[in-house]
Amino acid sequence: MIHRRHIKDLVGFGCCISAGLLVLWWIAPGPRDRADATPPSVLFTGTTQVSGIDFLHRNGAYGDKWLPETMGGGVAFFDCDNDGAADLLFVNSTDWPWHPLPEREGSRTLALYRNQGNGTFTNTTAGSGLDFPIYGMGAACGDFDNDGWTDLFITAVGGNRLLKNLGGGRFADWTSIGGVASSTNQWSTSAAWLDYDNDGRLDLFVCNYVSWSPELDRKAMFTYDGATRAYGPPRNFKGAHPTLFRNEGSGRFADVSASSGIQVADPSGEPLAKALGVAPVDLDGDGWMDIIVANDTVQNLVFRNERNGSFREIGARSGIAFDTFGAARGAMGIDTARFRDDDALGVAIGNFANEMNAFYVAQNDPLHFADEATQAGLGPASQQFLKFGLFFFDYDLDGRLDVLTANGHLDPDIERFHLKQQYRQPAQLFWNRGGTRGGMFVDVGSIDARLDLFRPIVGRGSAYADIDGDGDLDLVMTQNAGRPVLLRNDQDLGHRWCRVKLVGTTSNREAIGAWMKLRVGGRVLARQVMPTKGYLSQSEIILTFGLGRHSRIDEAEVTWPGGRRQSVPNLQPNRLAVVRETP
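Residue numbers (our numbering): 1 to 583.
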């Protein structure tokens, strides 16, 4: 049968391939409310091979087209050895046990690359405790025992893993000890560490996709033309409840999914969620973390923290559940940010092909959102692409948060049946030109699609970090059944920056969930400590504030998890500051 997604994949797109450097054109800064404001000139240099990254993602595909093969793997920037440099973890899948493939280039395990401090990497997977085969999906990074070492949670088809960081680049399997083992028929996707009960210990939220098995997939028999088997949509599989693990201390967790209110049923009584992305964020500023879940082909969910160990689902009431016409979309990656010069929160979601990005913006009520993707400039330009990884980041250090999406289709055969659609797709970069009126974001690729960042790939996970210590943010994007793309940010605009690492004492040690605000030149810049961004992936935990031409930071304040505020004096431009929570 031909499913809805195949019918909708009628919008074509084109792009040109160019090796070398990414160049974005620039004019001198002017008033940011001008509709003709042009993105700045920034160089992104492709450094995958020269940096020492030789990872190759496997998905086990051999022709029978099982749905998990379409999802790709996530990526994480985190400092595994506490040397101050962002290391890289790639999540791999493997062969299907009933159909092992011949040995070929690349491993069947996770891959850990240690940053040498200058943006070059050494593969240190062997002997790390991460060298085990797994049909992996995503990663979540967080110090669950507050010992100063960042631990890992790996989601998968058929069994997740919790890995305790022992130091020295070594990890121990903590799954059984921690009490977070999943069933062998569970399919988990994104995950996030957050302290939802404000006890100073990181809890764990796990997205689960659908109830899947090869038998169910085979019975569905999806096709393009009535004969050729194709990768099918999730709508013909039952949903799956997400999981919430409460950190009990001493490295152990309790499954509180049922009692916490996150198990939402559809009208038939089956699990509603088909979750691919998650964004923990305090929506209403009450000091308690809420959770937004991006679902594929069913409504998005918004869990408001009731401050008593439970959540209330308010997705429809908040305006985030559906599009402006009341329809669900194929949501993949998600991120949140305070993206303009006021306190309004934006929630961006990358959706399926022929569906625009969603961009829900808080209105006068912080729990009421409206989709402003079209007027903001994030909508129509994105419609033709299938968006996976998505996040906010300030790539030009002007103080305004821009948006990147990593894109790629599901089926290598899509071009045989839909001539206007492509398997490999260019990423999209949206530059934030500032102001509060419409057209805030400018599609950089529409100005020059020949640039290296926009080389078509089968994009999936994406993340950012400053890999070489120069203050700007570098990028990585993963490919399904392919090699990742590492791009070094070589911007040379003369913009200043400030980077801050927050350390909790009463709060969780990594300060996940904290907000920091800087007042610079009459503007207020806000950033949240939240490594969980986009699709299956994690970005660095250090906060980066672009200062533009400003040489002075007038004020700085941290709001720690729970709502307690702390003033931070004497922050200096072009430096990394470590700020510890005071009692």
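Even for Gly, the Cβ is constructed at its ideal location relative to N, Cα and C.
Just verifying my parser: in three-state terms, what is the DSSP assignment at residue i?
i    : result
L502 : strand
D225 : coil
T109 : strand
N570 : coil
R416 : helix
V278 : strand
S190 : strand
E444 : According to the sequence as given, residue 444 is Val; it is not Glu. Here V444 sits in helix by DSSP.
R527 : strand
K387 : strand
L58  : In the sequence on display, residue 58 carries Arg and not Leu. In the structure shown, R58 sits in coil (DSSP, three-state: anything other than H, G, I, E or B).
A236 : Correcting the residue type first, residue 236 is Asn in the shown sequence and not Ala. N236: helix per DSSP, three-state reduction.
D335 : strand
Q375 : helix
R639 : Missing from the structure shown is residue 639; the chain here goes from 1 to 583 and no further.
S183 : coil
A220 : helix
F13  : Only weak support is given to the placement of F13: the predicted model assigns it a pLDDT of 29, under 50, and the value that follows is read from those uncertain coordinates. Three-state DSSP puts F13 in coil, outside helix and strand.
A358 : strand
G178 : helix
P561 : coil
T243 : strand
Label residue i either buried or exposed according to how many other C-beta atoms from any shown protein chain fall within 10 Å of its C-beta, with 16 as the threshold for buried.
i    : result
S539 : buried
T122 : exposed
I349 : buried
K533 : buried
P31  : Note on P31: pLDDT 38, under 50, position unreliable in the model; no value is reported.
Q422 : buried
W25  : Its pLDDT being 34, under 50, W25 is placed unreliably by the model, and the measurement read from it follows with that caveat. Label assigned to W25: exposed.
F441 : buried
R161 : buried
R5   : In this prediction, R5 scores a pLDDT of 42, lower than 50, which makes its location untrustworthy; the coordinate-derived value is nonetheless stated afterwards. So R5 counts as buried.
E372 : buried
T184 : exposed
G178 : buried
K164 : buried
H99  : exposed
D145 : buried
V298 : buried
V157 : buried
S268 : exposed
L101 : exposed
Is residue j closer than 8 Å to residue i when the C-beta atoms are compared?
i    : j    : result
F153 : L204 : yes
F137 : M221 : First, the residue type needs correcting, since residue 137 is Met and not Phe in the sequence shown. Contact: no.
A321 : G330 : no
T48  : L453 : no
I512 : W193 : yes
V520 : H550 : yes
W66  : D217 : yes
L419 : R499 : no
T405 : L473 : no
W187 : W149 : no
V558 : L502 : yes
G60  : Y535 : no
I292 : N300 : yes
N82  : L110 : no
Between the Cα of residue i and the Cα atoms of the options, which residue gives the shortest distance?
i    : options                   : result
D143 : R218, S250 and V157       : S250
F55  : L89, G261 and R416        : L89
R201 : A254, R523, D217 and K219 : A254
F77  : M530, G379, V579 and P380 : M530
A481 : Q491, G459 and D286       : G459
S51  : D468, D342, L547 and A463 : D468
R509 : F393, P561 and Q186       : P561
Y196 : N165, N247 and G148       : N247
S310 : L110, Q116, R523 and S259 : S259
V524 : T223, L401 and V578       : L401
P380 : R433, E415, R317 and S446 : S446
T223 : N574, D413, V476 and P426 : D413
A463 : G522, Q491, I541 and A526 : I541
M516 : R312, A265 and E581       : E581
Is residue i near the ligand ATP, in the sense that its beta carbon is under 7 Å from a heavy atom of that ligand?
i    : result
F339 : With respect to small molecules bound, the structure shown includes none, and the ligand ATP cannot be examined in it.
At least one CB of chain C closer than 8 Å to the CB of residue i: is that the case?
i    : result
S318 : Among the chains in the structure shown there is no chain C, since it carries only a single protein chain.
Given 8 Å, three or more beta-carbon pairs between the region 266-280 and the region 222-233: no
Is it the case that the region 240-247 contacts the region 201-220, given that we only count it when at least three CB pairs across the two stretches are under 8 Å? yes
Segment contact flag, the region 329-345 with the region 355-363, C-beta cutoff 8 Å, min 3 pairs: yes
Check whether the region 379-389 and the region 403-415 touch, using three or more Cβ-Cβ pairs below 8 Å as the test. yes
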